[in-house]
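If you read the sequences in order, they're chains A and B.
One gets this note's numbering by counting positions in the first sequence from 1 and adding 239 to each.
One gets this note's numbering by counting positions in the second sequence from 1 and adding 8 to each.
By construction, the Cβ of each residue, glycine as well, lies at the ideal position given by its N, Cα and C atoms.
None of these values were measured; they are calculated from a predicted model.
Contents: one structure, followed by commentary.
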Amino acid sequence: MPPETGTPAALEVDGVSVRFGGVAALTEVSLRAEAGTVTGLIGPNGAGKTTLFNVITGLQRPDRGSVSMDGKDVTRKRTYRRARLGLARTFQRLELFSTLNAADNVRVGLEACGRASSSEAVGLLDRVGIAEEASAAVSSLPTGSARLVELARALSTDPKVLLLDEPCSGLDERESEALGGLLTSLAAEGRAVVLVEHDTDLVLQVCDRVHVLDFGQVIASGTPDEIRRDTAVQEAYLGHSAGADAAAGGPSGDA
Amino acid sequence: MSVFLSFTVLGIVSGAVYGILATGLVVTYNTTGVFNFAQGAVGAVAAFSYWQLWQDWHWPFLLAIVVVVFIEAPLLAVLVEFVLFRRIHGASVERSLMVSLGLLVILLGLTTIFWGNPDIVRSVPSYFTQADGNVLSVRLFGANGVTLQYQQILIVIVAAIVSVGLGVFLRRMRLGVAMRAVVDDPDLVAMSGAKPYRMSQAGWAVGFMLAALAGVLLAPIVGQTGLTADQLTLLALNGFAAAVVGRLRNVPMTFVGALILGLVTQYAVGYLPTHLGPSLAGLTSVLTEVVPVVFLFVVLLIIPAARLAPAGRLALRPVPKVVTARQSVAGAILLIALFAVLAAMVGDTALATLSQGLAFGIVGLSLVLLVGYAGQVSLCQLTFMGIGAYTMGKTLGGDSWWGLILAVVVSGAVGAVIALPTLRLRGLYLALATFAFGEVMYEAFFNNSTVIPDGTSINVGRVPLPFIHVVGDRAMLVEVAVAAALCALVVGVVRRSSFGRRLVAMSDSPAAYATVGLSSVRTKVIVFSLSAAMAGLGGVFYAGQQGGIGANDVQFIGSLTLLLFVAIWGIRTLTGALLGGLTAAALPVLQTHLPTSLADITGLAAGIGIILLARSPDGILGIQWLTSRIHLPFGDEAAQPRELVLDHEVARAA
Chain A
240 MPPETGTPAA LEVDGVSVRF GGVAALTEVS LRAEAGTVTG LIGPNGAGKT TLFNVITGLQ
300 RPDRGSVSMD GKDVTRKRTY RRARLGLART FQRLELFSTL NAADNVRVGL EACGRASSSE
360 AVGLLDRVGI AEEASAAVSS LPTGSARLVE LARALSTDPK VLLLDEPCSG LDERESEALG
420 GLLTSLAAEG RAVVLVEHDT DLVLQVCDRV HVLDFGQVIA SGTPDEIRRD TAVQEAYLGH
480 SAGADAAAGG PSGDA
Chain B
9 MSVFLSFTVL GIVSGAVYGI LATGLVVTYN TTGVFNFAQG AVGAVAAFSY WQLWQDWHWP
69 FLLAIVVVVF IEAPLLAVLV EFVLFRRIHG ASVERSLMVS LGLLVILLGL TTIFWGNPDI
129 VRSVPSYFTQ ADGNVLSVRL FGANGVTLQY QQILIVIVAA IVSVGLGVFL RRMRLGVAMR
189 AVVDDPDLVA MSGAKPYRMS QAGWAVGFML AALAGVLLAP IVGQTGLTAD QLTLLALNGF
249 AAAVVGRLRN VPMTFVGALI LGLVTQYAVG YLPTHLGPSL AGLTSVLTEV VPVVFLFVVL
309 LIIPAARLAP AGRLALRPVP KVVTARQSVA GAILLIALFA VLAAMVGDTA LATLSQGLAF
369 GIVGLSLVLL VGYAGQVSLC QLTFMGIGAY TMGKTLGGDS WWGLILAVVV SGAVGAVIAL
429 PTLRLRGLYL ALATFAFGEV MYEAFFNNST VIPDGTSINV GRVPLPFIHV VGDRAMLVEV
489 AVAAALCALV VGVVRRSSFG RRLVAMSDSP AAYATVGLSS VRTKVIVFSL SAAMAGLGGV
549 FYAGQQGGIG ANDVQFIGSL TLLLFVAIWG IRTLTGALLG GLTAAALPVL QTHLPTSLAD
609 ITGLAAGIGI ILLARSPDGI LGIQWLTSRI HLPFGDEAAQ PRELVLDHEV ARAA
């Protein structure tokens, strides 16, 4: 789905740059995520994907550039304000409320936006497929399930824009597939889903558009098909001559 | 002119010493991630050891210096690292803070035991003293100029060498670079073949050596009339402020901060009193104590939050169960019944101690809310206690229910006001800010003779009870027990409420907390205020029991020991709060029955407790072996098995 210039996107990142000391973590990164679509963000470790998420959510202040939601500039808004405007995320390095059980992790999010029933919390856990873990201490969950708790918590605020940072790591193939289905249905509800993931198969399968980051720069943007064919991407990320293999489940890139 | 110059010299010299002390703090922090609250206490131990070797045992003075700085300090550091800090590498900020505060209490206890006898004057002569008692000095700028003692010049030179030498060591030398790397990622350093704990040891050793050096340099300056431990550990405060100026990372900026602080303090001493009139004779000593804390407070507030070094990391966290409504009601009834029986049985001393202990327990419960649940460390809880007691004493004769209500409201309001400017601070910096606030309140209010006349206290009566004409000691104990039980119920209710879930969520992950749309600012103001109000309520009963409130009741060391004892029993448990309070009240009484050789039972107990805390994050009540065998009044708060949980801050996400 090509970006329609003129109508504001659910999420728009424009010319964002971040430096950590002498290292350029992000350089002039721009991307749009439209409502009702899944936008993929791939790139090698250290490419700046998580930093970009931190900038979008306001946990990291960009040196230059802006972030807007539905055409509204939120660059100077604090994290919790952006969340109230409909932005939610999960974390690559888990940020669970480790003192609370799985259902209460979700409940904190529900209560934050004025909904309070514990059955609704279990409902969200059910939607991500781990209802049976509702009363489990999150510290005792395997990584994959813990990530799903984060996803359920992110959904608790009924977000318009959902940022997912490697939700599939720790999941087996079947679970990843189920998650892919869930992401498609979340987008179908009118949400803009942004997916950072090392599982390139999944990304190319479920995303409407894909952006490729390398060394803090967007080196390619396009539909999954265009990305598969892009030579710069093949060199930077998928590996030489891997264009065709990628679709067939060749390199996972999870290094 | 000559006045200005001489205060400038004094400022630079004291700044140089603070700089050495603070640099040690910075090195330890950057290598181990632990902010050493005991830095000044290490300096105190060194100064006393120096006096011991040189003046008392008549060792050659250079040998004494070498032994203290290069042998005693590193050995002590290695011991401390092994016993206290090795197990908590990567622990939460609250916990490593608690252990470092514990070290402060331990070292203060040691100095009391070894050098506590007030009959001995431990004076340390100046360096470069001639046989006839003259102190060698040079005169600069003629008659209107200034006199520089050789030892002042020596101090500045040593500070310059330390500053430059450390910079080179940390940036250029292999060990130094590895030391800086280890705090960022101990696992990575381990993979590259270095042993992380060796780096930690080195970090502690360098920190302690610098503290010892500062102590030894300072000894002749403050020690002409005799060294005292209080006066020496006070210096740590100056070190804190300087280190914060250097953002706990930057050695040169730390020295700049130290110099500014030294100058500001000396100019304040030099110029303020003349304007305020001769009636304030004791102002000099007050200023030297107040200026650094005000400086620290201001620096904490103006240093940009985003540039504060992130401090959280991977942590092992057990998850405590939540006490249910039924259990807490049962616990409350049991508590009241137990103390009603005790009230009928025990003698006068025990009555007073138990009442005070439960009043401290109420303050302890306020710490459960603030530290245990919300993860915000307060080092000024007795200040709030004092504010509550003072308000009670000043309202309607000091023995009314209105006084109690007003005490709760006023201390809660002060808590909110204090929380506001400190909100964007977290962990360590918030703890430092509460410490500074407590000290300022102590010096400017409670220890101010216009508020409470010297050596006296403000009369505070007891909360009246129906059907009882005079609330005697026995009725008082039951009254406090009821109050403590109610407070425990309140804390339980808060924990089970949606606000309680928010508190622990905010503590567990500030980043995730914000991304679900919650403002930690609001949550912190509310919990701070609630906690301060509860501490104020504790103050009403504490002061009511003993008939008044004075400056001695609200000292930093009191806030600290109460916090530690609550932490040692288990700061996330209601039972732990009450036992912590009782312990803090009982030990000083026990002390009077012990031989004088055991000079500091409180320090000793805290020391043993802290060693335990370094191993069991939830304290004694977190030891499963124990809690599976003993049934506690507030039931089920035993920790579940440890699990690995990610507990890092997002600021490192790069």
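query, result
"Where T318/A meets chain B, residues with beta-carbon distance less than 7 Å", "A522, T523"
"contact_flag[the region 573-591 of chain B, the region 403-421 of chain B] where n(CB pairs < 8 Å) is 3 or more", "no"
"Contact set between V488/B and chain A, taken where Cβ atoms lie within less than 8 Å", "Here the premise fails: no neighbours, minimum Cβ distance about 30 Å."
"Limits of the unbroken beta strand (DSSP E) element including E487/B", "It is not in any beta strand (DSSP E) - E487/B instead sits in the alpha helix (DSSP H) that spans 481-504."
"Length of the line joining the Cα atoms of A340/B and V499/B", "12 Å"
"CA nearest to the CA of G211/B, picked from L602/B, A55/B, L84/B", "L84/B"
"C-beta neighbour in chain B for A373/A, strict 8 Å", "no"
"Bounding residues of the alpha helix (DSSP H) (the contiguous stretch that carries F347/B)", "333-353"
"Inter-residue spacing [alpha-carbon to alpha-carbon] between N246/B and V302/B", "10 Å"
"Residues bridged to G556/B (per DSSP)", "N467/B"
"Beta-carbon proximity check, Y550/B vs Q364/B, cutoff 8 Å", "yes"
"Proximity of A355/A and L349/A at Cβ, strictly below 8 Å", "yes"
"Closer than 7 Å at the beta carbon, the chain A residues around L526/B", "Y319, A351"
"Minimum Cβ-Cβ distance from R482/B to chain A less than 8 Å", "no"
"Three or more C-beta pairs below 8 Å linking the region 399-415 of chain B and the region 364-382 of chain B", "no"
"Chain A contact for D516/B (CB, 8 Å cutoff)", "yes"
"Span of the beta strand (DSSP E) around E267/A", "262-272"
"Through-space distance from I579/B to G617/B, alpha-carbon basis", "13 Å"
"Residue-level contact to chain B via CB, R392/A, 8 Å cutoff", "yes"
"Short-range partners of chain A found in the region 89-105 of chain B, where Cβ spacing is below 9 Å", "none"
"Spatial distance of A274/A from A248/A (CA atoms)", "7 Å"
"Within chain B, partners of S395/A - CB distance below 8 Å", "V524"
"Any non-hydrogen atom of the ligand FAD closer than 7 Å to T290/A Cβ", "In the structure on display, the ligand FAD does not appear, and there are no ligands present to speak of."
"is_contact[V512/B, chain D] using C-beta, thresh 8 Å", "As a matter of chain content, chain D is missing from the structure shown, whose protein chains are A and B."
"CB contact below 8 Å: V313/A versus chain B", "no"
"Simplified DSSP state of V449/A, which is helix, strand or coil", "strand"
"Where R413/A falls, given that 16 or more other Cβ within 10 Å makes a residue buried", "exposed"
"Beta-carbon proximity of I413/B to A491/B, cut-off 8 Å", "no"
"Contact under 8 Å by Cβ, E609/B with L621/B", "What sits at residue 609/B in the sequence shown is Ile, not Glu. Taking 8 Å as the Cβ cut-off, I609/B and L621/B do not qualify as a contacting pair."
"Proximity test, Cβ basis, 8 Å: L298/A and chain B", "yes"
"F78/B - DSSP class collapsed to helix/strand/coil", "helix"
"Alpha carbon of W577/B to alpha carbon of Y381/B, nearest angstrom", "15 Å"
"Per DSSP, cross-strand counterpart(s) of M308/A", "L250/A, K311/A"
"Beta-carbon contacts of A391/A that lie in its chain and below 6 Å, excluding the five residues immediately before and after", "V345, L363, L364, V367"
"Same chain only: Cβ atoms within 6 Å of V432/A, ignoring 5 sequence neighbours per side", "V277, L401, L422, L425, A426"
"Inter-residue Cα distance where the pair is A471/A and V449/A", "14 Å"
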